[in-house]
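No gaps in the numbering here: position 86 of the first sequence is 1181 in the working numbering, and each next residue is one more. Here a beta-carbon is modelled for each residue, glycine too, at the ideal position from N, C-alpha and C. Everything on this sheet refers to the single structure shown next.
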Amino acid sequence: MAKKGRVFSGARPTGRQHLGNYLGAIKNYVALQQDYDCIYGIVDLHALTTMETTKDLKNNTLEMALDWLAAGIDPQQSIVMIQSHVLELANLHTILSMVAPLGKLTDLPTFKEKIRDQPHNINYGLVGYPVLMAADILLYKSDAVPVGVDQAPHIEFARELARSFNYRYGAKVLIEPEMKVTQIPKVLGIDGERKMSKSLNNHIEIAATPEETTKRVMMMVTDPNRKLRSDPGNPDICNVFTMHKIFSSPEEVEMVNVECRRAGIGCVDCKRLLAKNMNKYFEPFRERRAEMAKRPDDIFDILEDGSNRARVIAEQTMAEVRDAIGMP
RNA sequence: AGGCCAGUAGCUCAAUUGGCAGAGCGCCUGUCUCCAAAACAGGAGGUUGUGGGUUCAAUUCCUGCCUGGCCUGCCA
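What follows is the structure, given as structure tokens:
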């Protein structure tokens, strides 16, 4: 069947995925498979720019791959691969680094953030992060890249690199990728104020047990003005309600919306309903995942197969790149 | 390569002349609340970067090494 083109997206191996990862990326990855030839990379090289210890790298890769595959990313239909297993990437990265303007790299907001976050580890790779990202996208001749708005400058940078390369070497080898801005719901953590993230420990893992999920939901911060059971609440500022809108039926959402405001239901009732719906939502996923987790070798085989398929595309691109440059 | 400075709890930092390594924030538990938050009470968390040395005793003094920052050079 004819698809609209090729999509590449990568995620750093952060281990077991949480609701933010799922709603922000994975769900979208699964949906895109219908219309595009997708390549999903576990970008371990990018992870090295911030990781100071790599002892969990392999396990984090496995855990994330399990979440991806069990969630519906289909390795028959898409390519699921490990970034570092395609050596051509390093080659293209080096070549692109000669075209990449340093001033632009150091001006990017993400780089400035990292300077603030890890002033003791400002490495060369950190500056070149967007170059490596561009290399990944361009290596596979991606037509589109699904990203959140925060990644927009990086995609724009990749487009400019492709243009610069093509102009400098008088070729049309590299394809400027379209930015496929996905409307990512801003998923807040259980603290109700900051973005859900593992490092803030305000996350809920999608592969968590029903008990663990319920426990974490009960810990969620609600409308602080609703102190007593008899007080009316305001769902508009309550993250529990936001989650209801994702995991509960329209009828239940309406019920919560009405009953919370007139103290018809309490937060405990509200949270129990949410936890129940979340657990129901992820039940089939968790069953599939548990099955897959019994055979970790199979997962690594899938990743290896994906990397091999990706390499075929990469080799073709690199032949064209070398030819365009006029390398002997 | 040389010179100077720094490294202490998850984070930011204290610790008198060399004398039991502490605080704030964060984290966990409890009280209180429908839950959560807030408040209060309690708790965990450390080979003081690391190996030697001096000393009755080293976070503190000496020294090798590691890491980071600033400066001066050398090579490509």
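Proximity of residue i and residue j at Cβ, strictly below 8 Å
i     : j     : result
H1141 : Y1235 : no
D1162 : I1121 : yes
V1351 : H1339 : yes
V1226 : F1206 : no
D1139 : S1104 : no
G1287 : V1316 : yes
F1252 : I1301 : no
D1231 : G1136 : yes
L1368 : E1382 : no
L1203 : P1272 : no
Same chain, Cβ closer than 7 Å to residue i, five either side skipped, listed in chain order
i     : result
G1243 : G1119, T1277 and I1279
L1127 : V1102, C1133 and P1241
A1405 : I1134, I1174, M1176, V1181 and Y1235
Contacts around residue i, its chain only, beta-carbon distance under 8 Å, and the 5 residues preceding and following it disregarded
i     : result
E1410 : E1183
V1363 : M1313
L1143 : T1149 and G1220
M1387 : L1161, L1164, A1165, D1393 and I1394
Beta-carbon contacts of residue i that lie in its chain and below 6 Å, excluding the five residues immediately before and after
i     : result
I1408 : Y1235
Delimiting residues of the alpha helix (DSSP H) encompassing residue i
i     : result
D1331 : Element bounds for D1331: n/a, residue is neither H nor E.
M1159 : L1152 to A1166
Y1376 : C1362 to A1388
Option nearest residue i by Cα separation, candidates the options
i     : options                       : result
N1154 : P1327, E1307, Q1112 and H1298 : Q1112
M1146 : K1207, H1180 and R1107        : R1107
V1268 : N1116, S1343 and A1414        : A1414
E1306 : A1419, A1370, A1253 and D1169 : A1370
N1186 : P1204, V1348 and A1229        : A1229
First and last residue of the uninterrupted beta strand (DSSP E) at residue i
i     : result
R1101 : R1101 to A1106
P1214 : It is not in any beta strand (DSSP E) - P1214 carries neither H nor E in the DSSP assignment.
Y1135 : D1132 to I1137
Determine, using beta-carbon pairs with one atom in the segment 1208–1217 and one in the segment 1188–1197, whether at least three such pairs fall under 8 Å. no
Any contact of the segment 1333–1347 with the segment 1298–1317, i.e. 3+ C-beta pairs under 8 Å? yes
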